[in-house]
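Heads up: the protein sequence lines correspond to chains A and B, in order.
When we follow full-length UniProt numbering, the leftmost residue of the first sequence carries the number 1, and every step to the right adds one.
When we follow full-length UniProt numbering, the leftmost residue of the second sequence carries the number 1, and every step to the right adds one.
Don't be surprised by glycine CBs; every beta carbon is placed ideally from N, CA and C.
Being a predicted model, the structure only gives us computed values, none of them experimental.
Written out below as structure tokens is the structure these notes cover.
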Amino acid sequence: ECSDLKPPCPYILPCLHLSVGLSVCLQESSSQTTKGAKSARRKRLKPCSLREVEVTVGELGLGYDSDETLLFRYCSGRCTARRRRNYDIALEHTRRAGLIKKGRRDKVQYSPCCRPIAYEKDISFLDNNSRYHTVQEVLARECGCA
Amino acid sequence: MILLNLLSVLVLLGSVCVVCVWGHGWREPLDCVRALELCNGDSQCSSSYRIMRQCLSGGARDRQTMLAGRECQGAIEVLQDSSLYDCRCKRAMKKELQCLQNYWSIHQGLTESGEDFYEMSPYELHEFSEEFRHASIISDSSLSKASPCSEPGKPCNPCLDAAKACNLNETCKRQRSNYIAICNKLSQPSLANQEPCSRKRCHKALRQFFERVQWELSYPLLFCSCSDQACAERRRQTIVPACSHQEKHRPSCLELRRACRSDALCRSRLADFHTNCQMTGHSITSCPHDNYHGCLMAYVGLIGSDVTPNYMDSSPSNSTISPWCSCRGTGNQENECDAFLRDFTHNTCLKNAIQAFGYGPEGSVLPVIESLATPFPPIQPPLNSKPAPSLHANEIKPQDSTCVFSTCANLKDGEQKCIPSNDFECEEALLAQGSKGEEGRAQHSAAAPGTLIVRECVSVCMSMLGLLLQAL
């Protein structure tokens with residue numbers, strides 16, 4: 001899960017993406033209760049890893065009409081602050097200092113994202129019109145914070 | 001008096017069974033790679049082998065005259081006493097091709113014409129699959145009249161379920177994707193007008209799929225039972241027939257067989273199919289030894305060879321199975337051609353086996369029940385109806401057969417005859433006595449002629465048991 005630009009998280013603290021357009025920063029709070037709630041939420045979010053879900057090929061939205069079921073593997077989870085490279089820190093700092101201008105056409109992300117770092121070569125299936133298809137790079141094989 | 005009778009029968013039964021099962025040591029047939037190594041260690045054997053190779057090297061006509069020659073006959077005589085004579089190969093063994101080549105290099109010379117209509121399988125007898133049997137029994141008891149579609153509301157497609165099961169398994173998914181990608185890949189544009197795909201590579205990938213994926217996952221893709229056309233079409237598509245099965249040119253079946261026999265692997269798989277799926281009137285299932293799984297294995301073994309068989313249409317219940325060939329215009333050989341083709345298109349054993357697999361209980365349990373009701377047929381002749389004579393004379397060794405046949409002869413004097421089949425029972429009884437442990441079991445599973453004897457032996461035991469029950 002990637003951090004959004006808004007709200008900017010303080011240095012070293014990762015961003016928690018809650019839903020579309022809403023993110024919160026994970027940080028120590030003064031209030032005891034919110035601290036408990038937030039650390040619980042943080043605990044719930046597992047580190048970046050490979051997940052899987054059973055779907056039909058048709059449900060993948062790649063334009064194939066097939067009822068064949070497969071295991072869709074994807075990457076999800078938290079990328080810890082420790083994984084932040086100097087690049088991320090430098091990017092964040094220059095951005096904050098106004099050295100990189102904010103603009104609609106410019107979007108920067110300064111914490112690592114949980115993304116596939118290797119894909120399965122290909123997956124083959126028979127569609128509902130009895131035609132075979134082979135599609136590349138549909139399933140994640142390995143995940144990492146990039 | 002009755003008690004005395006009972007006691008004597010019991011004692012007899014016990015002794016026969018013990019003698020049958022442990023009395024003689026059946027031996028594991030040597031594999032033909034090892035057999036040739038042994039032969040090469042013996043100067044007489046190795047020189048005879050070399051002579052034999054030369055005798056077989058000429059064309060079909062030369063071969064006949066060559067083989068009839070004194071030198072070749074002498075070599076054959078020596079080789080018949082060697083370990084090469086009754087060696088066998090195992091499916092998917094290391095150096096399988098080399099083993100099969102060794103096998104044919106001698107057996108080609110041993111049969112009279114070198115090419116019988118049916119040839120003996122160079123493979124060891126297929127084991128009865130306990131899981132296959134148990135699976136069908138379990139589904140029988142839990143769902144009684146189980147149809148493959150038990151989920152209400154959902155459209156039923158067992159072939160689609162089979163694809164799902166395969167996709168959820170890493171090896172199956174990878175191997176399936178692999179052969180589909182290869183078989184479905186169009187050739188280079190420059191060659192586009194010749195072949196739609198690389199048939200050779202496709203066949204190889206298919207063989208690899210069926211070799212490396214456990215049958216519990218691969219067979220349901222091929223033998224799923226269908227009630228509608230969409231399902232049957234999916235089943236027909238399993239082996240990507242556009243590449244692996246169909247061709248522009250449809251050769252005569254005899255031509256196809258000739259091509260197959262020039263290749264050691266194809267020839268072996270075809271012989272194995274003929275051995276294990278041969279229709280026989282001596283068993284209820286019409287399969288040799290009522291062994292459905294053996295027939296399905298042999299059928300699957302043909303996929304990826306020149307005689308790759310497949311469903312010819314997408315009829316859900318009554319689909320014809322055939323290799324890609326025809327008997328039109330075969331002239332005076334039409335009868336022979338038809339006979340060859342009918343072993344695929346009109347094979348009750350194969351049909352029953354496929355149906356039994358698809359429906360679980362339907363075919364595999366029923367015949368066993370029926371066999372109890374029908375009068376006992378006479379003892380079953382070994383495997384083929386038309387075997388290579390020289391081979392079969394030796395298949396059952398004299399010292400082995402004493403047990404089976406003398407006992408049967410004695411029984412025949414009474415009103416009861418031997419039970420030839422009921423192999424499942426036999427197998428079970430044998431395993432139940434498995435106090436000999438792993439060693440005994442390994443020997444039993446590996447020995448080809450040996451297992452045959454043991455089955456007959458146990459059959460005798462079972463028939464005696466029948467006697468006993470009747471006395472009660």
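Helix, strand or coil at LEU71 of chain A [DSSP, three-state]: Note: LEU71 of chain A maps to strand in three-state DSSP.
For VAL240 of chain B versus ARG269 of chain B, is the C-beta spacing smaller than 9 Å? no
Since I believe CYS113 of chain A is in contact with CYS79 of chain A (beta carbons under 8 Å), could you give me their beta-carbon distance rounded to a whole number of angstroms? 7 Å
For the UniProt domain "TGF-beta family profile" (28-146) of chain A, which residues have a CB atom closer than 7 Å to at least one CB atom of chain B, in sequence order? ASP67, GLU68, THR69, LEU70, LEU71, ASP122, ILE123, SER124, LEU126, SER130, TYR132 and THR134
Between which residues of its own chain and LYS351 of chain B is the CB-CB distance below 7 Å, once the five residues before and five after are set aside? none
Report buried or exposed for ARG82 of chain A, applying the criterion of at least 16 other Cβ atoms within 10 angstroms of its Cβ. Exposed: under 16 other Cβ atoms inside 10 Å.
Should SER305 of chain B and CYS277 of chain B be called a contact, given that it needs their Cβ atoms to be closer than 9 Å? No. Outside cutoff.
Who are the Cβ neighbours of ALA118 of chain A in its own chain at under 7 Å, not counting the five residues just before and after it? So the list reads ARG141 and GLU142, once near-sequence residues are dropped.
Chain A beta carbons: is any one of them nearer than 9 Å to that of SER177 of chain B? yes
Within 10 angstroms of its Cβ, does ARG96 of chain A collect 16 or more other Cβ (buried), or is it exposed? exposed
Buried or exposed: TYR87 of chain A, going by 16 or more other Cβ atoms within 10 Å of its Cβ? exposed
Going along the chain, which unbroken runs of the alpha helix (DSSP H) with 4 or more residues stay wholly within the stretch 225-305 of chain B? You should have 229-237, 241-244, 253-261, 264-276 and 292-302.
For residue 481 of chain B, go through chain A and note every residue whose CB falls closer than 8 Å to its CB, in chain order. This structure cannot speak to residue 481 of chain B, because chain B is shown only from 1 to 472.
Among B:ALA162, B:LYS173, B:CYS156 and B:SER319, which residue has its Cα nearest to the Cα of SER124 of chain A? Minimum Cα distance to SER124 of chain A is reached at B:LYS173.
Host alpha helix (DSSP H) of HIS93 of chain A (start-end): 86-96
Classification of SER130 of chain A by the beta-carbon crowding that lies within 10 angstroms, buried from 16 upward: exposed
Kindly indicate if chain A contains any beta-carbon less than 9 Å away from that of LEU160 of chain B. yes
Taking DSSP as the reference, what is the three-state secondary structure of ILE106 of chain B? helix
Along the chain, where does the beta strand (DSSP E) that runs through LEU126 of chain A open and close? 122-126
Does any residue of chain A have a CB that is nearer than 9 Å to the CB of ASN157 of chain B? yes
Measuring from the CB of MET120 of chain B, is there a heavy atom of the ligand COA at a distance below 8 Å? Here there are no bound small molecules, and the ligand COA is not part of this structure.
So, at 6 Å on beta carbons, what are the nonlocal neighbours of LEU341 of chain B in its own chain, with the 5 sequence-adjacent residues on each side left out? Taking C-beta separations shorter than 6 Å and ignoring five residues to either side along the sequence, the partners of LEU341 of chain B in its chain run CYS253 and CYS327, following chain order.
Could you tell me which of B:GLU124, B:GLU119, B:ILE106 and B:CYS72 sits nearest to ARG88 of chain B, measuring between CA atoms? If we check each option's Cα against that of ARG88 of chain B, B:GLU124 comes out closest.
Reduced DSSP secondary structure (H/G/I, E/B, other) of ASN310 of chain B: Reduced to three states, the DSSP call for ASN310 of chain B is strand.
Check the DSSP bridge columns for PRO29 of chain B and list the partner residues they point to. PRO29 of chain B pairs with nothing; no bridge assigned.
State the Cα-Cα distance for the pair MET312 of chain B and LEU36 of chain B, rounded to the nearest angstrom. 42 Å
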